[in-house]
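Report on the following structure.
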Amino acid sequence: MNADAAARAGYRRFLERRSFIEMNARERACAVLDPGTFREMLGPFDRLKSPWLPLQGIVAQADDGVVLARGTLQAKPALIAAIEGAYQGGSMGEVSGAKIAGALELALHDCAQGRLIWPVLLFETGGVRLQEANLGLAAIAEIHAAIIALRRYFPVVGVIAGMVGCFGGMSLAAAVCTHLIVTPQARLGMNGPEVIEQEAGIEELDSTDRGLIWSLIGGEQRYAVGFADDLLEDDADAIAAAVRKAVSAGPASAPPARSVQAERYAELLRTIDPNQPLDGESLRRLWQRGLKP
Amino acid sequence: MEKIQYEYPALHSVPQRVHVGVVGSGDLEVLLEPSPDARTHVVVNTSVDGFEATWKNVLDRFFARFHGAVSIEINDFGATPGTVMLRLAQAAEGLAA
Numbered sequence: 005m006n007a008d009a010a011a012r013a014g015y016r017r018f019l020e021r022r023s024f025i026e027m028n029a030r031e032r033a034c035a036v037l038d039p040g041t042f043r044e045m046l047g048p049f050d051r052l053k054s055p056w057l058p059l060q061g062i063v064a065q066a067d068d069g070v071v072l073a074r075g076t077l078q079a080k081p082a083l084i085a086a087i088e089g090a091y092q093g094g095s096m097g098e099v100s101g102a103k104i105a106g107a108l109e110l111a112l113h114d115c116a117q118g119r120l121i122w123p124v125l126l127f128e129t130g131g132v133r134l135q136e137a138n139l140g141l142a143a144i145a146e147i148h149a150a151i152i153a154l155r156r157y158f159p160v161v162g163v164i165a166g167m168v169g170c171f172g173g174m175s176l177a178a179a180v181c182t183h184l185i186v187t188p189q190a191r192l193g194m195n196g197p198e199v200i201e202q203e204a205g206i207e208e209l210d211s212t213d214r215g216l217i218w219s220l221i222g223g224e225q226r227y228a229v230g231f232a233d234d235l236l237e238d239d240a241d242a243i244a245a246a247v248r249k250a251v252s253a254g255p256a257s258a259p260p261a262r263s264v265q266a267e268r269y270a271e272l273l274r275t276i277d278p279n280q281p282l283d284g285e286s287l288r289r290l291w292q293r294g295l296k297p
Numbered sequence: 011m012e013k014i015q016y017e018y019p020a021l022h023s024v025p026q027r028v029h030v031g032v033v034g035s036g037d038l039e040v041l042l043e044p045s046p047d048a049r050t051h052v053v054v055n056t057s058v059d060g061f062e063a064t065w066k067n068v069l070d071r072f073f074a075r076f077h078g079a080v081s082i083e084i085n086d087f088g089a090t091p092g093t094v095m096l097r098l099a100q101a102a103e104g105l106a107a
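Sequence lines, in order, name chains A and B. One rule links them: number in the numbering used here = place in the first sequence (from 1) + 4. One rule links them: number in the numbering used here = place in the second sequence (from 1) + 10.
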């Protein structure tokens, strides 16, 4: 009877939850900002789209897959950059990358003038758009630089919800964020499983083995070994609350960014014997103590 | 990749613009705006070549019931006619909201 009631309560909670994963980029930005404050910049009707994709026979999306929104978080000015994972794998091209980099640089300029704007990045990206190659990579480098510069003013918060995840150069953008929020469905890694299988062979990694993939680069694992700061269910309200909490905590309370702790991570890497097999579970055992500063 | 254009007569103006959908696999994006004149203009950019007759059928059917003077841009990534119809209906619903 008790178990039955608990199951019913769990079921009800699941039904009442607003899925963040199922939202598109625009809906996600709306869900994170204070209600009614969403104001889009360079939206689809500005038609700032990729000049390169149509030349390669690919239909371009009118906003190049990035939603930039101004609004407020707890009544304070905020900037959201949300990537649309359903369009070209959330890839960063010249335009989509420049939209994010440009918005972050403007926020940085405002911060330097004393007008603080909280930046939040909603990742859902396979990394650079291969059709735009170096132009996308250059934009990604500018995004990294802007995040690192903005970190001086306040925590830069990133969210990886899934189901695309966050890969390639943009995984580095997630890594340099002050505070990273993930769900169990999220994945975070430099190379995606298909790329590793293609380059190193199926003996190295079977990209169809979902259990294996998530045990290595999934949200729970990334949180357990200290590469993410919050692990949350796929719940838009919970994610929005965690974003607010992280930004309002202010820069002083945030631990030093992971990217300035290179020595500590080098130390942790030295605890691994590359000649021994290593799986997600053993890495958790190996690193769980060492990761807490 | 193909670009197809259509024109339809219209009966009344529309007050705002609406954006729905995504250029994702089997899906499409619809940008709907008030028309600069009293007619309806449709531009379809599609990744799948050779379906001009199907597009005309779907659009004829939609504009048999929808009479707003709009400029519509469709960016299509292999949506089925059913999905196209649903996205158009969603855009029209966005006008009413």
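All C-beta atoms in this analysis are idealised placements derived from N, C-alpha and C, irrespective of residue type, glycine included.
Against chain B: residues of the stretch 182–212 of chain A by CB proximity under 9 Å: Going along the stretch 182–212 of chain A in chain order, one finds no residue with a Cβ nearer than 9 Å to chain B.
Which residues in the same chain have their Cβ closer than 8 Å to the Cβ of ALA29 of chain A, if we skip the five residues on either side of it in sequence? GLY69, VAL70, VAL71, ALA86, ILE87, GLU88, GLY89, LEU126 and GLU128
Cβ-based neighbour list, LEU209 of chain A, same chain, cut-off 7 Å, excluding 5 preceding and 5 following: PRO197, ILE200 and GLU201
For chain A, find out if any of its Cβ atoms is closer than 7 Å to the Cβ of GLU39 of chain B; answer yes or no. yes
Residues in the stretch 88–101 of chain B with C-beta within 8 Å of chain A's C-beta atoms, listed in sequence order? none
Partners in chain B for PHE171 of chain A, counting only beta-carbon separations shorter than 9 Å: The premise fails here: PHE171 of chain A is roughly 17 Å from chain B at the closest Cβ pair, so nothing lies under 9 Å.
From the beta carbon of GLY34 of chain B, is the nearest beta carbon of chain A less than 7 Å away? yes
Give the C-beta separation of VAL163 of chain A and VAL264 of chain A to the nearest angstrom, bearing in mind that I take them to be a contact with Cβ-Cβ under 8 Å. No, VAL163 of chain A and VAL264 of chain A are not in contact; Cβ-Cβ is about 22 Å, not under 8 Å.
Cβ shell of PHE37 of chain B (< 7 Å), same chain only, five flanking positions each side left out: Here the sequence assigns Asp to residue 37 of chain B, which means Phe is not the residue at that position. GLY31, PHE87, ALA89 and THR93, listed in sequence order.
Distance between PHE231 of chain A and ALA314 of chain A (C-alpha atoms, nearest Å): A question about residue 314 of chain A goes unanswered here, because the residues of chain A that appear run from 5 up to 297.
Mind checking whether ALA4 of chain A and GLU146 of chain A have CB atoms under 7 Å apart? Absent from the model: residue 4 of chain A. The displayed extent of chain A is 5 to 297, so no value can be given.
Can you give the Cα-Cα distance for GLU20 of chain A and ASP238 of chain A, rounded to whole angstroms? In this structure, the CA atom of GLU20 of chain A is about 12 Å from the CA atom of ASP238 of chain A.
By the criterion of Cβ-Cβ separation under 9 Å, what are the contact partners of ILE84 of chain A in chain B? Result: empty, since nearest Cβ-Cβ is about 17 Å, beyond 9 Å.
Length of the line joining the Cα atoms of VAL251 of chain A and PRO123 of chain A: In this structure, the straight-line span from the alpha carbon of VAL251 of chain A to that of PRO123 of chain A is close to 9 Å.
Ordered along the chain, which non-local residues of its own chain (more than five positions away) have a Cβ less than 8 Å from that of ALA20 of chain B? SER45, ALA48, ARG49, THR50, HIS77, GLY78, ALA79 and VAL80
Sorted by chain position, which residues of the same chain lie with C-beta nearer than 7 Å to PHE42 of chain A's C-beta, five sequence neighbours on each side aside? These residues qualify, in order along the chain: ALA33, CYS34, ALA73 and GLY75.
Within this structure, are the beta carbons of GLY140 of chain A and GLY97 of chain A separated by less than 7 Å? yes
What are the complete beta strand (DSSP E) segments, minimum 3 residues, inside the stretch 137–224 of chain A? 161–164 and 183–186
Is it a yes or a no for the stretch 56–63 of chain A touching the stretch 12–19 of chain A, going by three-plus beta-carbon pairs under 8 Å? no
Does ILE104 of chain A come out as helix, strand or coil in the three-state DSSP assignment? helix
State the start and end residues of the unbroken beta strand (DSSP E) segment that holds LYS80 of chain A. 80–87
Could you name the residues of the same chain whose beta carbon sits closer than 7 Å to that of ALA111 of chain A, not counting the 5 residues immediately before and after it, in chain order? LEU83, ILE121, PRO123 and LEU154
Taking only beta-carbon positions, decide if PHE49 of chain A is within less than 7 Å of chain B. yes
Nearest candidate by alpha-carbon position, reference ILE152 of chain A, set A:VAL168, A:LEU176 and A:ASN138: A:LEU176
CA nearest to the CA of ASP67 of chain A, picked from B:PHE61, B:THR56, B:TYR18 and B:GLU39: Looking at the Cα atoms, B:GLU39 is the closest of the given residues.
Of the residues that make up the stretch 49–61 of chain B, which ones have a beta carbon closer than 7 Å to any beta carbon in chain A? Within the stretch 49–61 of chain B, the residues whose Cβ lies closer than 7 Å to some Cβ of chain A are ASN55, THR56 and SER57, listed in chain order.
Chain A contact residues for GLU43 of chain B, given Cβ-Cβ distances below 8 Å: PHE49
Run down chain D in chain order and give the residues with a C-beta less than 7 Å from the C-beta of PRO123 of chain A. As a matter of chain content, chain D is missing from the structure shown, whose protein chains are A and B.
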